[in-house]
Structures are given as structure tokens and as C-alpha cells.
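Peer 1:
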Amino acid sequence: MQQPTSRPILEVRDVRKQYAAHTALSGVSLAVPEQSIFGLLGPNGAGKTSLIRIITQITGADAGEVFFRGEKLNPSHIGQIGYLPEERGLYKKMKVGEQLIYLAQLRGLSRADAVQRIRQWLERFDIKAWAEKNVEDLSKGMQQKVQFIATVLHEPKLIILDEPFSGFDPINANLIKDEILRLKQEGAAIIFSTHRMESVEEMCDSIALINRSRKVLDGPVTAIRNQFKTNTYEVEGQGQLMVVHPDFEVIEQKARENDHFYARIQLHAGAQPNDLLRYLIGRVQVYAFREQIPSINEIFIRRVRETMPETLTETANALL
Amino acid sequence: MASKFLLVAKREYLTRVRKRAFVVLTLLVPFIIAGFGVLVGKLALSDESAEVVDVRDASGLNIAAKLVPLSTPQLQFVPVEGSLPEAKQSFQQKKHAGLLYLPAGLDVQDPQGVQFFGKGNISLKKESRVQKALNDAFAELKMQRSGLNQTQLDQLRAKVPLSSVSLDETGKEKDSNSGVTTGIASVLAILIYFFIFLYGVQIMRGVGEEKSSRVMEVMLSAVKPFDLMMGKIMGIAAVGLTQFLLWGLLSWGASTVLVPLLMQDELGKAKTEVAAAAPRDAPATVADQATASAEQMNPAKRANVIGSAFEQASKLNIPIWTIVFGFVAYFLGGYLLYGALFGAVGAAVDDQTDTQQFMFPITMPLILSYILGFSVILRNPDGPVAFWMSMIPFTSPVAMVIRLPFGVPAWQLALSIGLLVVGFVGTVWVASRIYRVGILMYGKKVTYKELSKWMFYKG
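Line by line, the protein sequences give chains A and B.
Read in this note's numbering, the first sequence has 726 at position 313, and its numbers run on one by one without any break.
Read in this note's numbering, the second sequence has 167 at position 165, and its numbers run on one by one without any break.
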């Protein structure tokens, strides 16, 4: 797990980016801890790609600063960053092996090192036979694998993956997932950009939510979820559920066949889950009892709704 | 990041040079050129093989005997006997070019009634050749009648070789040969024009490919757009230079080996014909020229062609080193200037089919300089059109190389190259701005207004 006290590998401070007609980023700040998986979440068009393009030095920020391990981001960091863009693409008429060597060399790897590492990676992915094939002769899934290798071949300290699982079948998606976790084990920090929040919830150590060019939330995943929990418990059981108690409130109750039920019960301030459990045990047969922790998706939707009025007034102001 | 620029250039170079199309084209073109040379040579020689004109001399003045030595490689006179209708029939049967009829009782002082019969329409060229020979024959006859002996006649026959001499600025005399000068000018202009076009379009295609295959974003996270663009432009330039160099070498090799081999028969025939047609009185220069040109095809002599071209050029008033220097400068400058623009077009559009609207304004000055170059500048290499077109960077690469062989004042050359440098720095700057924005722009129909905005985008 990350150590909050250590210096982050990447720090973004109040970055702004304006395109001709719209604002892509209006003052976004965030910090990515070393050796962690960081989820950069947000709906389409929120500004994720703009932010990534600034971190990968494809474009520059209008204002604000980005620091890589305490140094102001500059071209010497290119070799320490790996980037898998959402729009995948390789030179079609180039052989897989040559292409990987070329891309690695552009990131400062020597040819000999590149050749050796490519061999290892092709073996790991069991695709050694493809090295001499042209990229255009590969299937889409195969091309994705090659592109993933190209992203991590130079052993970057910071890996940015934009929608890494799109285009993979479940088996290969799992393979990639294991590789990502292994890369983290080996010391890399990974930024995960996606609008499919459920897919990264289990992998991410911390996240930042971006909506309409602003960061609306960030922090460690567990902390965020705890922060957003409402002291609600899910109960499944059998019997006639009747809750008459000042500390407990049934929010939702569903009857199921054979006298079974499902219910969500909120605890009022001061009450402990064990109090509820004790109260229930005398009345019904309890099969399942767990705290309801909101998913990142739910939190995000809530946060977006909360920040909506603000953004709406801003839009109105901008128009006036 | 010079090393990245080199890596990009190297990739652009190697992927293209290894392509089968490149190898095939590079190997094939010299043979096509050599084959073309053989074809042209054969046609030229077959045209040269003399047209035979029958001479029916009924005049009793023995004019036919005087006409025969006046035969040239183009025109051969053969005396025939028999009546006029017979002669008319026989020249057609023998597929000869014509029949010259000198009627009986021809008066030397006032020769009336000489007729020339030809098949179909008689070309002016043919008629004037026959006319000239006939005049010469009569002149000789008259001189003989005036009582001069052969020695006196030989002395009288005036043969004035005319050589054109041009004066250069220092007043030194040099031979002038507008044919050679025009030839050099045309070849240089065509080379530059085609080089810019062929390889400029390759730059555009290459950028378009990177854009449509979406490899751009990966590339840009490692390489600066400027390095990517310049690497591509330089890599493709190297491809072009390699191709031109190989073409040159292979064409030379092919023509050294193949042309003499394929043309041995014709050459032998041409020589004997020339020798036969060049007895005592034949104009010596014609025979010499024919032999000389025949000998040039000789492998041994061929090897010296380039060297002797330099030699000849320095004998003529052709500033050979200025041409070499100027050609390299305009070749590279023009390619850079246009190459950058072609790259920008490739970056600006999504689809290769959309390139048309931007291609037109770019290629127009190039095409214009080519057309005007051959129609106006070649005829008047020091005129105002020539001057202005050789100053404007968009037209100067073609316009100036046309002027170079005719001699260009040093200050004009310096100014023109200076402007060209300013020009290509300018277009590279503009192009790199358009490129930088365009390569990541998808699904947008680009207008000129849009392009002008891109120029001022930050970072």
C-alpha cells in the first residue's frame, strides 16, 4: 500500500487548459503516490485525456505546474513514463519486433537492451512467433498486446493506461490485469484512466474524479468509500421483519418467497451495528448482515449531482 | 533531441528503402530509360538512313555525276537510265524517295523545266535539300565551264566554318552553345520539379498514415512534433537521393553495357553508310559529326562522358561549379520548403481524399514555375519574369536552375538563396504549427480560417 508521507511520483498543481471554444481543465490538482495504482475517473469529455496529454508532454498546460518526483516535468522524464493511449495505433507496415525496438529507442533504451527485453515479453505473453510479422497481419487483440508491451518495455516508473481493457477478451483482460499488478509490485506507479468505474474499483489504491474540467473528489479508495458511507446495513433473513426502534430506520424492504426478506436499515447517530444485530436476532432468522458501502460509481454520481448547480451557474456566468 | 530526430529519419528511410516497390522501381527505371534510349537511337538512325533520290539526267550536261558526290547521310543521289515514264515507275517500285528529272536541251545559263517527283506530298525539308544540291551542282558546272582547273576550283570553293563566340564579363572569349545550355537547364528544372512533387507527396501520405493509424499519440509522448516532422522530411529526402543516385548509376551502367550491345548493327551500318556517303567532296563536318556521335556510343568512350561533359562545359561559357552549387542549394531548399507544406497538409486533414483543396494552392506556384520556366525563362533568361520568379522562394527552385546555365549575376544568386532560406524557415515554422495541432485533431473538417487559428495556439 502507499505511504501517504512519502513524496508523490507525480504532482499536478492547479493545471488549466483552455481550447478555443471550451475549457478542458480549470485548476486541477492531484498527487499520485509512488508504487500505487491511481484511478483517474470521469465521464467522457471530462478532461481526462487533456490532463494525460499534459502529463505525457504532448501538450503544455496554459497555467499550473506538474512535478515528476519533485522535479518540474521536462523532456528528460519521457523515458520514465509509459503511455497507452485510448486510441491505439502502431505502424501497420512495420514488423512487431522492429516496431517495439523503435518505440523503445525513442524512449532512450539501447537497441541491445530493447532486443533482450522484447524477447522476455514476447515469451511472457506467449507470442514469440509474431516478432517477424507485420502489425497489420495481427488480430486486433494481438495488436493490443503488442501495444501494451510497447508501453512498458522501457520499464517506466509511471505508466499511464487509458482504458487499458477495451478491446481485450476476458481472458486477455485478466492477463493484462495481472501484469499491471505485477508492475506495481516491481515498483511502478500506474495511472488508470477510465469512465467505467466499476472495472478499476478493485485495483485502485486511490482515485481522482474529474467532471466538467474540475476535480470533484480524490483520495484513497477506502477512505472515500468510508467517507461516503451512510451507516446503512443490508440484512437478509427469514421471518416477519418489524422494526420499531428510535435508532433504526428501514429504508428499503423487499419480501421474497418462503417468507424471506431483504432490507436496508440505517443506523442513527450513536447506534452500533451490534445493537441492530441484537435487536434483529430475537425477531427474525438472520442469514446475512453487512455494511452497505457505496460503490465509486454511486459516489461519483452523487458528487456530480452535488456539483451540478455550481457548474450550471458557471456556465450561465460564462454566457453573460 | 537530435538523436530522436535521427531515429525518426532512420525509420522513415529504412522502411521505405526496404519496400518491394522501391527496389522494383529503382531497378526497373534505369532499364526503361536505357530501353528508351535504344528506341530513340534506333528511330533516329533509321530516320538518318539516307533517302534515295533517282536522277534521270537527259540534259547531256552530266549533272547527275556532279550530284552523286553531293549526297549526304540524309540524301543520296542515284543516276538512272531510261525514259521519264520508266524512271517514274521504277523509283516507286524501288521505294525510293523521289525522282529528279533533268530534261534534254537544258540551258546552263537558264535551266528551265527541271522537275522533282515525289511520293505523296513533298516535304519542304526534302525539297530544299534537293534544291540546294542542285544549285551546288550547277554552280560547279558553271565554274568548270569558265575554264578553271580542278586546283583552282578547290581553292575557290568557299567553306566558312561558323562558330558562335560569347563574351563573359571579364571579356574572355568562350564558345557558346545554346543547345547544350538549354539542355542542361531543362534537365535540372525537371529533376527539381519531379523530386519535390514525388517526395513531397510521400511526406503527405506518411503523415496521413500516422494519423489514420492513430500511432501519432504514442509517438508524440516520446518525440516532439517538430522532430517527428523534420525526421520524416529528412528521411524521405534521403530516400529520394538514394533513388536518384541509384538511377544515375544504373542508367549509366545499363547504357554503357546495353545500348552498345543492342545497337551494334545500327552503328556499324551508320558508319559504313556515312563513310560511303562521304567521299572526296562531301562536307567534311557532317561525316565527322556522324562518326563522332557513333563513337560516343562506344563503351570505352562512354565511360568518359561525364568527365568530357565537364570539359565541354568549361570550354563553353557554362558556369559549371555555380550550377552544381546552385542545383544542390535549390534542390534541398525547394524540397524543404514544399516538403514542410506537404507535411502540414497531411496533418491537417483526416482523409487522403480531403487533401485536394489544400494541395492546389501549394502546387500551383510549383506548376506555374515549371510551365513559365520552359515557355518564358528559357527564351529570355535575363528578363523580368525570369528575375522575379527566381527571387520568390516558391518559384525560385525551378526558375533559378533554369537560369543558372545561362549565367546569373552573383548578387542575384545570393539574394535568391537568401530569400529561399527565409522562405523555408518560414514554411517549416508555419507547417510545424499546423502539424502540431493537426495531427491530434480528428473528425473535424478543416478550413483555412481554422488553420490560421492553429498557428497561434499555445504549447
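All C-beta atoms in this analysis are idealised placements derived from N, C-alpha and C, irrespective of residue type, glycine included.
1. Please state whether DSSP places A/S607 in a helix, a strand or coil.
2. Could you tell me the alpha carbon to alpha carbon distance between B/T287 and B/L77, rounded to whole angstroms?
3. Count the other C-beta atoms from every protein chain shown that fall within 10 angstroms of the C-beta of A/H435, then say buried if there are 16 or more, exposed otherwise.
4. Quick one: which chain A residues come within Cβ less than 8 Å of B/A224?
5. Looking at C-alpha atoms only, which residue of B/L104, B/A99, B/K455, B/S73 is the closest neighbour of B/G84?
6. Excluding the 5 residues flanking B/K97 on each side, which residues of the same chain have their C-beta closer than 6 Å to its C-beta?
7. Between which two residues does the beta strand (DSSP E) holding A/Y432 run?
8. Can you give me, in chain order, the residues of the region 666-692 of chain A that have a beta carbon less than 8 Å from any beta carbon in chain B?
9. Could you name the residues of the region 216-241 of chain B whose beta carbon sits closer than 8 Å to any beta carbon of chain A, in the order they occur along the chain?
10. Exposed or buried, what is A/A542 when buried is set at 16 or more other beta-carbons lying within 10 Å of its beta-carbon?
11. When the distance is taken between beta carbons, is A/Q493 closer than 8 Å to A/P569?
12. In chain B, which residues lie less than 7 Å from A/G600 when you measure between Cβ atoms?
13. Given a threshold of 16 other Cβ atoms within 10 Å of its Cβ, counted over all protein chains shown, does B/A67 qualify as buried or as exposed?
14. Please check the pair A/A544 and A/L535, which I expect to be a contact at CB under 8 Å, by giving their CB distance rounded to whole angstroms.
15. For the pair the region 546-557 of chain A and the region 515-524 of chain A, tell me if three or more CB-CB distances fall below 8 Å.
16. Is there a C-beta anywhere in chain A that falls below 8 Å from the one on B/R13?
17. Is A/K546 close to chain B? Criterion is C-beta to C-beta, closer than 8 Å.
18. Measuring alpha carbon to alpha carbon, tell me which of A/P456, A/G502, A/S489 ends up nearest B/E212.
19. Using the beta-carbon count (16 or more within 10 Å), is B/W323 buried or exposed?
20. Which residue wins for smallest C-alpha separation from A/E484, given the options A/K628, A/R426, A/G600?
21. Cβ of B/K447 less than 8 Å from any chain A Cβ?
22. Going by beta-carbon coordinates alone, are A/F661 and A/L689 separated by less than 8 Å?
23. How long is the line joining the alpha carbons of A/E592 and A/V663, rounded to whole angstroms?
24. Taking the straight line between their C-alpha atoms, what separation do you get for A/F578 and B/P367?
25. Residues of chain B with CB under 8 Å from A/T643, in chain order?
26. Using only the alpha-carbon positions, how far apart do B/S454 and A/Q470 sit?
27. Using the beta-carbon count (16 or more within 10 Å), is B/S130 buried or exposed?
28. May I ask you to list, following chain order, the residues of the region 469-490 of chain A that have a beta carbon less than 9 Å from some beta carbon of chain B?
29. In chain order, what residues of the same chain lie with their CB nearer than 6 Å to the CB of A/I706, ignoring the 5 residues before and after it?
30. With three or more C-beta pairs closer than 8 Å as the rule, is the region 618-630 of chain A touching the region 433-452 of chain A?
31. Checking contacts by CB at 8 Å: is A/Y700 closer than that to chain B?
32. For A/D427, name the three-state secondary structure that DSSP assigns.
33. Does any residue of chain A have a CB that is nearer than 8 Å to the CB of B/T17?
34. On the premise that A/S449 lies in contact with A/S619, defined as a C-beta separation below 8 Å, what is that separation, rounded to the nearest angstrom?
35. Taking the alpha carbon of A/G695 as the point to measure from, which residue in A/F605, A/Q651, A/V445 has its own alpha carbon closest?
36. Is A/A527 close to chain B, meaning its C-beta is less than 8 Å from at least one C-beta of that chain?
Peer 2: If we stick to the structure as given:
1. Looking at the sequence provided, one finds Thr at residue 607 of chain A rather than Ser. Correct three-state label for A/T607: strand.
2. The pLDDT assigned to B/T287 is 42, lower than 50, so where the model puts this residue is not dependable, and the model offers no usable value.
3. Counting other Cβ atoms within 10 Å of its Cβ, A/H435 stays below 16 and is therefore classed as exposed.
4. Correct list: I491, L516, L519, R520.
5. Closest option to B/G84, Cα to Cα, is B/L104.
6. Cβ within range, chain order: n/a, list empty.
7. A/Y432 -> no beta strand (DSSP E), and no H or E assigned at all.
8. Residues passing the 8 Å Cβ filter: none.
9. Among the residues of the region 216-241 of chain B, those with a Cβ less than 8 Å away from any Cβ of chain A are R216, V217, M218, E219, V220, M221, L222, S223, A224, V225, K226, in the order of the chain.
10. Exposed, since its Cβ has fewer than 16 Cβ neighbours within 10 Å.
11. Going by C-beta atoms, A/P569 is nearer than 8 Å to A/Q493.
12. Within chain B, no residue comes near A/G600; the closest Cβ sits about 21 Å away, beyond 7 Å.
13. B/A67 comes out exposed.
14. That pair is a contact at about 6 Å.
15. Not touching, per the Cβ criterion.
16. Yes, its Cβ sits closer than 8 Å to a Cβ of chain A.
17. So no, A/K546 is outside the interface.
18. Looking only at A/P456, A/G502, A/S489, the smallest Cα-Cα distance to B/E212 is reached by A/G502.
19. So B/W323 ends up on the exposed side.
20. It is A/R426.
21. Cβ-Cβ to chain A under 8 Å: no for B/K447.
22. Cβ distance < 8 Å, so A/F661 and A/L689 count as in contact.
23. Rounded to whole angstroms, A/E592 to A/V663 spans 44 Å at the Cα level.
24. Their backbone Cα atoms lie some 50 Å apart in a straight line.
25. Here the premise fails: no neighbours, minimum Cβ distance about 41 Å.
26. Here the alpha carbons of A/Q470 and B/S454 stand approximately 24 Å from one another.
27. With a threshold of 16 other beta carbon atoms within 10 Å, B/S130 falls short and is exposed.
28. Only T469, Q470, I471, T472, G473, A474, D475, P488 from the region 469-490 of chain A bring a Cβ to less than 9 Å from some Cβ of chain B.
29. Same-chain partners within the cutoff: R638, K642.
30. Enough Cβ pairs lie closer than 8 Å, so yes.
31. Proximity of A/Y700 to chain B, defined by a Cβ-Cβ separation below 8 Å, is not satisfied.
32. Assigned with DSSP and collapsed to three states, A/D427 falls in strand.
33. Interface residue (Cβ-Cβ distance to chain A less than 8 Å): B/T17 is classified as such.
34. Contact flag correct, Cβ pair sits at about 6 Å.
35. Of the listed residues, the one whose Cα sits closest to A/G695 is A/Q651.
36. Output row for A/A527: interface = no.
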